[in-house]
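Let me begin by presenting the structure, written as structure tokens, before commenting on it.
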Amino acid sequence: MMNIHNLAIHYSTKMLQSIFLQLARNYSPDKTLAGSLWAEIEQHYSEAGRHYHTMSHLEHLYEELSVVKNNISDWDTVLFSLFYHDVIYDPTAKDNEEKSAELAEKRLLETGFPEERTARCMNQILATKKHEMSADPDANYFTDADLSTLAFDWENYRVYMQNVRREYAVYADVLYNPGRKKVLEQLLGMKRLYKTDHFYDRYEKQARENLRREMELL
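Numbered by the working numbering, the letters in the sequence shown go through residues 468 to 685 in order.
Here it is, written out as structure tokens:
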């Protein structure tokens with residue numbers, strides 16, 4: 468019997484699958500292609516070593532972005548960015564965003580998605596590397612949504628911390644803790660974590676509080 472946790476994952480995956488298939492079919496009538504692209508995405512986000520960068524992360528991101536959909540000028544491009552932004556994820560590598568963007572470019576062009584919008588998607592994915600202010604307003608909403616995890620209530624933030632640590636299980640604490648501390652310091656050193664007023668007003672205070680509490684635990 469499927470337990471409640473696995474049932475939730477099952478339904479979130481089905482929801483995301485439906486969204487992606489419709490999205491891909493907007494540009495390609497090839498249902499087989501859409502299905503194979505989804506299978507590839509699902510395989511990557513379901514890899515054994517993933518504990519945070521999973522389908523649940525994509526579902527959370529979709530929920531956050533749906534709230535600001537009317538503020539986004541190119542919804543389909545942002546959706547493709549959502550599905551591909553962490554498709555390649557190796558905690559020991561430093562070029563995950565670049566490789567994810569490259570795979571997105573290859574797959575989107577297969578669907579017939581316009582080249583200029585594909586380039587915009589790639590830039591949105593690359594923007595998640597540093598989460599800095601972008602000239603593309605859609606990218607700012609996208610990267611803000613990606614950081615919204617930082618504003619979870621403390622109990623859920625602790626789960627997030629634990630899941631991130633599990634993804635970096637290859638590293639002992641003596642290596643992980645200084646690296647994580649550096650990431651937290653960089654985030655706390657930003658003038659604003661969230662570029663858009665929507666996310667800033669809702670999450671800035673809580674996110675900074677969580678980051679400071681995590682720092683104290685390292």
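Don't be surprised by glycine CBs; every beta carbon is placed ideally from N, CA and C. Only a predicted model underlies this, so the values are computations on that prediction, with no experimental measurement involved.
Residue i vs residue j beta-carbon contact at 8 angstroms
i: Ala568; j: Leu528; result: no
i: Leu655; j: Arg679; result: yes
i: Leu575; j: Leu549; result: no
i: Arg587; j: Asp541; result: yes
i: Tyr624; j: Asn563; result: no
Expected contact under 8 angstroms - CB spacing of residue i and residue j to nearest Å
i: Tyr556; j: Arg517; result: 7 angstroms
i: Glu634; j: Tyr519; result: 6 angstroms
i: Ser485; j: Met522; result: Actually they do not touch by this definition, with Cβ atoms about 13 angstroms apart.
i: Tyr494; j: Phe609; result: Incorrect: roughly 19 angstroms between the Cβ atoms, too far for contact.
i: Leu483; j: Leu525; result: 6 angstroms
i: Gln591; j: Val637; result: Going by Cβ atoms, the distance from Gln591 to Val637 rounds to 29 angstroms, so no, they are not a contact pair.
i: Leu490; j: Phe547; result: 7 angstroms
i: Asp611; j: Thr663; result: 5 angstroms
Per-residue burial, residue i [other beta carbons within 10 Å of its own, 16 or more giving buried]
i: Thr559; result: exposed
i: Tyr661; result: buried
i: Thr616; result: buried
i: Leu684; result: exposed
i: Ala674; result: buried
i: Ile471; result: In this prediction, Ile471 scores a pLDDT of 36, lower than 50, which makes its location untrustworthy; the coordinate-derived value is nonetheless stated afterwards. By the neighbour-count rule (16 or more Cβ atoms within 10 Å), Ile471 is not buried but exposed.
i: Arg647; result: buried
i: Asp668; result: exposed
i: Met469; result: For Met469, the predicted structure reports a pLDDT of 35, less than 50, and the residue's modelled location is therefore unreliable. A value from the coordinates is still provided. With fewer than 16 Cβ atoms within 10 Å of its Cβ, Met469 is classed as exposed.
i: Asn607; result: buried
Closest residue to residue i among the options (Cα-Cα distance)
i: His665; options: Glu676, Ile539, Leu576 and Pro581; result: Ile539
i: Glu577; options: Ala501, Leu654, Asp640 and Ala674; result: Ala501
i: Glu572; options: Pro645, Lys561, Met589 and Glu564; result: Met589
i: Leu651; options: Tyr667, Asp668, Arg669 and Met628; result: Met628
i: Lys561; options: Lys596, Lys536 and Pro496; result: Lys596
i: Glu671; options: Met682, Glu681 and Met657; result: Met657
i: Met682; options: Arg669, Asp668, Arg632 and Asn644; result: Asn644
i: Asp481; options: Arg659, Arg632, Lys498 and Ala506; result: Residue 481 is actually Lys in this sequence, not Asp. That would be Ala506, whose Cα lies nearest to the Cα of Lys481.
i: Glu509; options: Leu488, Arg492, Pro496 and Lys498; result: Leu488
i: His511; options: Lys566, Lys649, Gln653 and Asp543; result: Lys566
i: Gln653; options: Arg632, His598, Asn537 and Ala639; result: His598
i: Arg690; options: Asp543, Arg632, Lys536 and Val534; result: Outside the modelled stretch of the chain, which goes from 468 to 685, sits residue 690, for which no answer is possible.
i: Ala515; options: Lys649, Asn630 and Asp640; result: Asn630
Cβ of residue i within 8 angstroms of any chain D Cβ
i: Ala491; result: As a matter of chain content, chain D is missing from the structure shown, which is built from one protein chain.
> Between the stretch 596-607 and the stretch 618-629, are three or more C-beta pairs nearer than 8 angstroms?
Replying inline: no
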